[in-house]
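Student: I'd like to ask you about the structure that follows.
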Amino acid sequence: MARSAPPHITAQRGFPRKRRPCRHPHKRGMRGRGPSYMMAERVKRPRRQGTGVAMEPDDESYSPSGFDWGLIASAALTGSYFLAVLVLGTLPEASSGRLIASTAALAAGAGLGLASFPLTLRLLAERPGTRGRPSSWMGWVAAVGQSASAVGMFLAPDGLAPLAQGASLLFVTWALAAAGCRFAELPLRRRIVDTAASTSLACLATTVLVLFGPPAAYAAMSVMPFVAATCGARGRSDPPTEGDDALTGEAPGMPTAATSGGRAAFAPFFILAVLFYSAAWALGASFAEGDSPFMEMAGLAGAVAAIGLLSLQKARTGFVQDANSAYMPAPLSIAAGFLALALGGQPWTPVASALLGAGYGLFFVYFWIVVGNHVQKFEWSPADALAKGLAPLVAGLAAGLCLTAAAEATDLGTGTVSTIGMFLVSLGLWTTTRGKVYANEPGEAASVFEAAPPALPECEPAAKDPVDALADACGLSKRETEITRLIAKGRNVPFICDELFIAKSTVQTHIKHIYAKTGASTRQELIDLLERGSQ
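When we follow the working numbering, the leftmost residue of the sequence shown carries the number 841, and every step to the right adds one.
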């Protein structure tokens, strides 16, 4: 008779628990007495009716009921308001000479908002019980400001309209940064899916606003901020309580504006890449769309189609396994858009608008994911990271609008504008190829553009990392060292699966080997070994 395979092998092969061809510790009165590495990770989870099998957090996270629909709706409405301010407030006025004043007001308002947001959160972090998170009153203040600005953009005369546009950018950047702080706390896969969903919905909502046009669009914009604030308040991305981290896939050590006080320090190449791509899209989109709502809708529809097609292509692997999957088509799509713009004529202009929107939509998804990765890997302050990440994006948009105004004033042809846009795309592509493009490589020093954590002062000798010391002493492999480092930070098995892109059974097997090599039998004993090694 053939010998049965070991239990951990049959588990990986996918045998149901009741049909595994070997004895299992849950049988014959031994329920609850599994191996020590399994007992260390055992938590109380809801069970599927009639099976007695614990529900895995990944199943719940990827079902429609597992998404944070409140956060997705809030971010989508905020993003739609931001796009509507650009489309309805500035781009139709490119030929009237008001674009420079509007652009200056938008840049000033966005700069003031991005500068005041982290400062406000640092003040809130000093108050007990706030943990430095964006408070609900901040969302409602931003909503009131956005609503009043929308009414002002419609009712104000031409001379005062730029002031209303600047005020709208001040408050909408607050709302965007607050949503980004909540996105940065999500596990990687949930953050990727939520980012793609919210970006697509924002483009769809903006398409509806452009279709109706003023005054209906401004009336809707005056209501959207309050709906976004309500959805954000009803979202379920609050910090998990003790014992909830395994169910939601979030660890209690996730960064917040108060617990991770490190100042963000993005690499210069990352800042330049965001600046160049944003300027290229603003130049191409404003020049191609002009005063035609149909062209604006073509650009927004292109962004939705690109994100949707990429989502369908990567659906079997949980949308994208790394942010680079969203970045790779972006430069090609933007460059193809400028090529179609250079051809000119009615058949090619809508194609150019759609390709430009598709490329920048994918780049924004990539950008939003990368900022959250930096926050979690380097333990930066989310508020500071979002403010410094959105600053080059807004600056690039302003620079692109200024180039559009200059092109309109000097009567530049589409060929010249396309050449300038292709040059900006080549600069953005050059900055990204000089560093690591992959944003989700495991390891402490992995980064998009090799941005390293702050180095120790030269006067203090750098002590050896206790995890590396334990790995050298016990002969841990590279993957086992990475898992040990995450365990030491308080991360649970679902979070490790999302961070390293490996199956849960693989993580448990690695943990078993770690315990066998180090002599520990539980997670706490392993942490105690690391603490003794650091002393």
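Glycine included, C-beta positions come from ideal geometry on N, C-alpha and C.
Between Leu1115, Thr918, Phe1127 and Leu1010, which lies nearest to Ala1246 when the distance is taken from Cα to Cα?
Tutor: Per the Cα distances, Phe1127.
Student: Just the C-alpha distance for Leu1252 and Leu1003, rounded to the nearest angstrom, thanks.
Tutor: Distance between the alpha carbons of Leu1252 and Leu1003 is about 29 Å.
Student: In chain order, what residues of the same chain lie with their CB nearer than 7 Å to the CB of Ile1367, ignoring the 5 residues before and after it?
Tutor: If we look at Ile1367 and ignore the five residues flanking it on each side, its Cβ neighbours are Ala1328.
Student: Could you check if Asp1338 is buried or exposed, using at least 16 other CB atoms within 10 Å of its CB as the buried criterion?
Tutor: Flag for Asp1338 reads buried.
Student: Kindly list the residues whose CB is nearer than 7 Å to the CB of Cys1314, restricted to its own chain and excluding five residues on each side of it in sequence; keep chain order.
Tutor: Counting only Cβ-Cβ distances below 7 Å, and skipping sequence neighbours, we find Lys1357 and Thr1358.
Student: With a cut-off of 8 Å, do at least 3 Cβ pairs link the segment 1111 to 1128 to the segment 1260 to 1271?
Tutor: The segment 1111 to 1128 is in contact with the segment 1260 to 1271.
Student: Counting pairs of beta carbons, one from the segment 1041 to 1048 and one from the segment 1006 to 1014, are three or more of them closer than 8 Å?
Tutor: Touching, no, given that fewer than three Cβ pairs across the two stretches are closer than 8 Å.
Student: I'd like to know whether the C-beta atoms of Val1050 and Ala924 end up nearer to each other than 9 Å.
Tutor: It is a contact, given that the beta carbons lie within the stated cut-off.
Student: Would you mind working out which of Lys1352, Asp1224 and Ala1170 sits nearest Phe1204, comparing C-alpha positions?
Tutor: The candidate whose alpha carbon is nearest that of Phe1204 is Ala1170.
Student: Locate the alpha helix (DSSP H) running through Met1168, then write down its first and last residues.
Tutor: Here Met1168 belongs to no alpha helix (DSSP H), and DSSP marks it neither H nor E.
Student: Taking 9 Å as the threshold (C-beta atoms), are Gly1177 and Gly1236 in contact?
Tutor: No; because the gap between Cβ atoms is not below 9 Å, this pair is not in contact.
Student: Under DSSP, the alpha helix (DSSP H) around Gly1006 begins and ends at which residues?
Tutor: Gly1006 -> alpha helix (DSSP H) spans Ala1001 to Ala1024.
Student: Since Ala1122 and Phe1066 should fall inside the 8 Å C-beta cutoff, what is the C-beta to C-beta distance between them, to a whole number of angstroms?
Tutor: Not a contact, Cβ separation roughly 29 Å.
Student: If you draw a straight line from the C-alpha of His1350 to the C-alpha of Ala1198, how long is it?
Tutor: One C-alpha to the other measures close to 41 Å.
Student: Sorted by chain position, which residues of the same chain lie with C-beta nearer than 7 Å to Asp1224's C-beta, five sequence neighbours on each side aside?
Tutor: Taken in chain order, the residues that qualify are Pro958, Arg1103 and Ala1104.
Student: Quick one, which of Ile1354, Ala1182, Glu1371 and His1214 has its alpha-carbon nearest Pro1306's?
Tutor: Nearest C-alpha to Pro1306: Glu1371.
Student: Cutting at 6 Å between CB atoms, please list the residues of its own chain near Ala1192, excluding the five before and the five after it.
Tutor: Result list for Ala1192: Ala1128, Gly1177, Ala1180 and Leu1181, in chain order.
Student: Looking at the structure shown, is Gln1186 part of a helix, part of a strand, or coil, going by DSSP?
Tutor: Coil.
Student: When the Cα atoms are used, what is the spatial distance from Ile1342 to Ser1062?
Tutor: So the two alpha carbons sit approximately 45 Å from each other.
Student: Taking the alpha-carbon positions, what's the Glu1290 to Ala1107 distance?
Tutor: Any reading at Glu1290 needs caution, since the residue's pLDDT is 44, under 50, leaving its predicted position unreliable; the model's value is listed next. Computed Cα separation, rounded: 7 Å.
Student: Would you give the residue range spanned by the alpha helix (DSSP H) that Ile1260 belongs to?
Tutor: Looking at the DSSP string, the run of the alpha helix (DSSP H) that includes Ile1260 is Thr1254 to Thr1273.
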